[in-house]
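**Q**
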Amino acid sequence: MSTETLPERTGMCAWCEHENAPDSRFCGDCGRTLVFDVVCPFCGRENPSEDAHCDACAGLIDVSKRGPPKTKNFPKNLNV
Numbered sequence: 428m429s430t431e432t433l434p435e436r437t438g439m440c441a442w443c444e445h446e447n448a449p450d451s452r453f454c455g456d457c458g459r460t461l462v463f464d465v466v467c468p469f470c471g472r473e474n475p476s477e478d479a480h481c482d483a484c485a486g487l488i489d490v491s492k493r494g495p496p497k498t499k500n501f502p503k504n505l506n507v
């Protein structure tokens, strides 16, 4: 089991390498999260809370540790 974790938050986006303020939660350029707060149960890697699979081992991240699912709002009454 790996104990690899991401380095201390510096504000640097891991995806687009945009430099953000150290206390930023999201990248000002690409919008991805800068906060890695869900640990993969398979390899121990910290992942963004919105990811469904670990970015290191592709293991399924426990969905109970994530926020509510994203749903679409459909109209309740459709007149066809």
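If you want the numbering used here, it's the 1-based position in the sequence shown plus 427.
Just so it is clear, CB atoms sit at the ideal spot from N, CA and C, and this is done for glycine as well.
Predicted model, so just to flag it, every value in this text is computed and none were measured.
Count the other CB atoms within 10 Å of the CB of leucine 461; is the residue buried (16 or more) or exposed (fewer)?
**A** With 16 or more Cβ atoms within 10 Å of its Cβ, leucine 461 is classed as buried.
**Q** Any idea what DSSP makes of leucine 487, helix, strand or coil?
**A** Correct three-state label for leucine 487: strand.
**Q** Would you mind giving the Cβ-Cβ distance between cysteine 470 and cysteine 454, rounded to the nearest angstrom? I have them listed as a contact below 8 Å.
**A** About 24 Å; that fails the 8 Å criterion.
**Q** Does the Cβ-Cβ distance between serine 451 and valine 465 come in under 8 Å?
**A** In this structure, valine 465 does not lie closer than 8 Å to serine 451 by Cβ.
**Q** Given that a residue counts as buried once 16 or more other Cβ atoms are within 10 Å of its Cβ, and exposed if not, what is cysteine 457?
**A** So cysteine 457 ends up on the exposed side.
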